[in-house]
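Protein sequences, first through last, are from chains A and B. Per our numbering, residue 4 is the first one in the first sequence, and the count goes up by one each step. Per our numbering, residue 1440 is the first one in the second sequence, and the count goes up by one each step. Input: a single structure, listed below in structure tokens.
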Amino acid sequence: MSIYVLHGLRPWLIQRVSAVYLAMFVVYIGVVLAFAKDVTFQKWHEWLFHPFNTIACGLFVIALLFHAWIGMRDVVLDYVHNTFVRMIAFSLIIVVLTGSGLWAARILLLTVAI
Amino acid sequence: MKFRIYRYNPDTDAKPYVQEYELTDIEPGMMLLAALLQIKDTQDESLSFRRSCGEGVCGSDGMNINGINGLACITPLSDLKEPVDVRPLPGLPVIRDLIVDMDQFYQNYRDIKPYLIVNDPMPEVELPQTPEQRERLDGLYECILCACCSTQCPSFWWNPDKYLGPAALLQASRFIEDSRDQATEERLAHLEGPFKLFRCHTIMNCVQVCPKGLNPTKAINDIKKMMVKRSL
């Protein structure tokens, strides 16, 4: 992902495409939650076990990670001018985002495995 | 009418300061430039600012007026709240009072190669355009390089040496759109990268302040759209 630091058009495009997916997913999840009654672990598990929802959530995590990376990258490029500090900031963002991604992957995979 | 004007003379002042002036002889329809000239003539001849044509054509007297960049010569005093705060264009080094160092601004303008690049042998008379091709330059060629837009742009404030700014990018669009120019690919390739073009976050301060009513944000988005079309 860090290679995107060097580009302009590609991250810009990914940011827009991921934003569209995120917006659609938020609407979908909002509708699902609005019509959900007596939410239990069992019901949540059944819902997430459905292939459509597993994949939709997986794509959501991927889109969110890319979107967050590009957004944070933009903030650093705008405001952090010292190369060393910038490098540390990029590294921190990548570590946090990769960790969050792996955590989300673990939850999704475990849900499907149970 | 009260004025609060930014003053700084690097030869004598350790720090910039704000000086107050008051004018009683305000005529209807008077512009800010006339007021500044009156202050200079009658109260303080050391007050320094650039001006030339006095009618919004040359773009010399760009300044920050009550927080918003504009040309003093076409800003009516009747539109301004008192006291009128007059400061130099933000984001550029101050040379003296309201005069800023425009080097960085012009360097960014030069960076986009603001001239037609034609590789074919030049025709003997002219490079003709259809009326439609000529129309595509409307809203782009009218820029007078007053720097009001670029110096009101936060992205330009943070990275003036890397982000080209709305004025230079409007001109980049002007030559990319020109049917006679043959360097479109090179121009687009030159603007790729995280800084030159893509620091624009569609803040649109440029559109708000342009004294000629131009839309640099649209020009920048048109360049992005063209890049997407060519890359997909």
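A virtual CB, placed ideally from N, CA and C, is assigned to each residue, including glycine. Everything numeric in this text was worked out from a predicted model, so none of it was measured.
For residue i and residue j, I'd like the C-alpha separation in whole angstroms.
| i | j | result |
| --- | --- | --- |
| LEU1676 (chain B) | ALA116 (chain A) | For chain B, the structure presents residues 1440 to 1671; residue 1676 (chain B) sits outside this window and is missing. |
| SER5 (chain A) | PRO14 (chain A) | With a pLDDT of 43 at SER5 (chain A), under the threshold of 50, the predicted position of this residue should be treated as unreliable, and no value is reported. |
| PHE87 (chain A) | LEU95 (chain A) | 12 Å |
| PHE38 (chain A) | ALA92 (chain A) | 41 Å |
| TYR7 (chain A) | LEU25 (chain A) | Residue placement at TYR7 (chain A) is poorly supported in this model, since its pLDDT is 49, which falls under 50; the coordinates still yield a value, given next. Cα to Cα, TYR7 (chain A) sits roughly 20 Å from LEU25 (chain A). |
| THR114 (chain A) | GLY1604 (chain B) | 49 Å |
| TYR1460 (chain B) | ASN1598 (chain B) | 35 Å |
| LEU68 (chain A) | GLU1631 (chain B) | 23 Å |
| GLY1578 (chain B) | GLU1494 (chain B) | 19 Å |
| LEU1537 (chain B) | ILE1659 (chain B) | 29 Å |
| ALA1622 (chain B) | HIS84 (chain A) | 32 Å |
| MET1665 (chain B) | GLU1624 (chain B) | 10 Å |
| LYS46 (chain A) | SER103 (chain A) | 24 Å |
| PHE1544 (chain B) | VAL99 (chain A) | 38 Å |
| PRO1467 (chain B) | ALA1511 (chain B) | 16 Å |
| GLN1546 (chain B) | LEU111 (chain A) | 52 Å |
| ARG1443 (chain B) | ASP1483 (chain B) | 13 Å |
So residue i packs on residue j, CB below 8 Å; how close in whole Å?
| i | j | result |
| --- | --- | --- |
| ARG1489 (chain B) | ASP1500 (chain B) | 6 Å |
| VAL1523 (chain B) | ASN1505 (chain B) | 6 Å |
| THR43 (chain A) | LEU51 (chain A) | So it is not a contact: roughly 13 Å between Cβ atoms. |
| PRO1633 (chain B) | LEU80 (chain A) | 6 Å |
| ALA1607 (chain B) | LEU1528 (chain B) | With a Cβ gap of about 15 Å, ALA1607 (chain B) and LEU1528 (chain B) do not count as contacting. |
| VAL1539 (chain B) | PRO1532 (chain B) | 7 Å |
| SER1594 (chain B) | ILE1642 (chain B) | 7 Å |
| ARG1669 (chain B) | LEU1627 (chain B) | 7 Å |
| LEU1609 (chain B) | CYS1582 (chain B) | 6 Å |
| VAL1667 (chain B) | PRO1655 (chain B) | With a Cβ gap of about 19 Å, VAL1667 (chain B) and PRO1655 (chain B) do not count as contacting. |
Just curious, the alpha helix (DSSP H) that residue i is in, first and last residue?
| i | result |
| --- | --- |
| MET1665 (chain B) | 1655 to 1670 |
| ILE1551 (chain B) | From DSSP, ILE1551 (chain B) is part of no alpha helix (DSSP H); its letter is neither H nor E. |
| ARG1535 (chain B) | Not the alpha helix (DSSP H): ARG1535 (chain B) falls in the beta strand (DSSP E), residues 1533 to 1535. |
| ASN1503 (chain B) | Unbroken run through ASN1503 (chain B) is the beta strand (DSSP E), 1501 to 1504; no alpha helix (DSSP H). |
| GLN1458 (chain B) | Here GLN1458 (chain B) belongs to no alpha helix (DSSP H); instead the beta strand (DSSP E) covers 1456 to 1461. |
| GLU1624 (chain B) | 1623 to 1630 |
| LEU1516 (chain B) | Here LEU1516 (chain B) belongs to no alpha helix (DSSP H), and DSSP marks it neither H nor E. |
| PRO1605 (chain B) | 1605 to 1615 |
Specify, as a first and last residue, the run of the beta strand (DSSP E) that residue i falls within.
| i | result |
| --- | --- |
| ARG1443 (chain B) | 1441 to 1446 |
| GLY1493 (chain B) | Taken as a continuous stretch (DSSP letters only), GLY1493 (chain B) belongs to no beta strand (DSSP E), as it is neither H nor E. |
| LEU1510 (chain B) | 1507 to 1510 |
| ARG1526 (chain B) | 1523 to 1526 |
Return the chain-ordered list of same chain residues with a C-beta closer than 6 Å to the C-beta of residue i, the five sequence neighbours on each side being excluded.
| i | result |
| --- | --- |
| ARG1535 (chain B) | ASN1448 and SER1487 |
| TYR1548 (chain B) | ALA1607 |
| GLN1591 (chain B) | ASN1508, ASN1644 and VAL1648 |
| CYS1497 (chain B) | SER1491 |
So, for residue i: in the same chain, excluding its five sequence neighbours on each side, which residues have a beta-carbon less than 7 Å away from its beta-carbon?
| i | result |
| --- | --- |
| ALA22 (chain A) | HIS70 |
| ILE17 (chain A) | PHE69 and ILE73 |
| TYR1580 (chain B) | ARG1613 |
| LEU1653 (chain B) | GLY1578, GLU1581, CYS1582 and LEU1609 |
| THR1514 (chain B) | MET1470, LEU1471 and ILE1504 |
Less than 8 Å between C-beta atoms, sequence neighbours within five positions excluded: which residues of the same chain meet that for residue i?
| i | result |
| --- | --- |
| ILE1465 (chain B) | MET1440, ALA1474 and LEU1516 |
(request) Return the residues of the segment 1440 to 1453 of chain B that lie within a Cβ-Cβ distance of less than 8 Å from chain A, sorted by chain order. (result) Of all residues in the segment 1440 to 1453 of chain B, none has a Cβ within less than 8 Å of some Cβ in chain A.
(message) To be precise: take each residue of the segment 56 to 87 of chain A, compare its Cβ to all Cβ atoms of chain B, and keep it if any distance is under 9 Å. Which residues remain?
(response) Residues are counted here when their Cβ sits less than 9 Å from a Cβ of chain B; for the segment 56 to 87 of chain A these are ARG76, ASP77, LEU80, ASP81, TYR82 and HIS84, given in chain order.
(request) Below 9 Å between beta carbons is the criterion; list the residues of the segment 1633 to 1660 of chain B that meet it against any residue of chain A, in chain order. (result) Listed in sequence order: PRO1633, PHE1634, LYS1635, LEU1636, PHE1637, ARG1638 and HIS1640.
(message) Against chain A, which members of the segment 1602 to 1635 of chain B pass a CB distance test of less than 8 Å?
(response) So the list reads LEU1630, GLU1631, GLY1632, PRO1633, PHE1634 and LYS1635, given in the order they occur along the chain.
(request) Using a Cβ-Cβ cut-off of less than 9 Å, give me the residues of the segment 1494 to 1517 of chain B that come near chain A, in sequence order. (result) Residues passing the 9 Å Cβ filter: none.
(request) Could you run through the segment 1575 to 1600 of chain B and flag, in chain order, every residue whose CB is less than 9 Å away from some CB of chain A? (result) Listed in chain order, the positions of the segment 1575 to 1600 of chain B with a beta carbon within less than 9 Å of a beta carbon of chain A are PRO1593, SER1594, TRP1597 and ASN1598.
(message) Under 9 Å, CB to CB, which of the residues in the segment 1530 to 1545 of chain B have a partner in chain A?
(response) For the segment 1530 to 1545 of chain B, which is checked against every Cβ of chain A, not one residue is closer than 9 Å.
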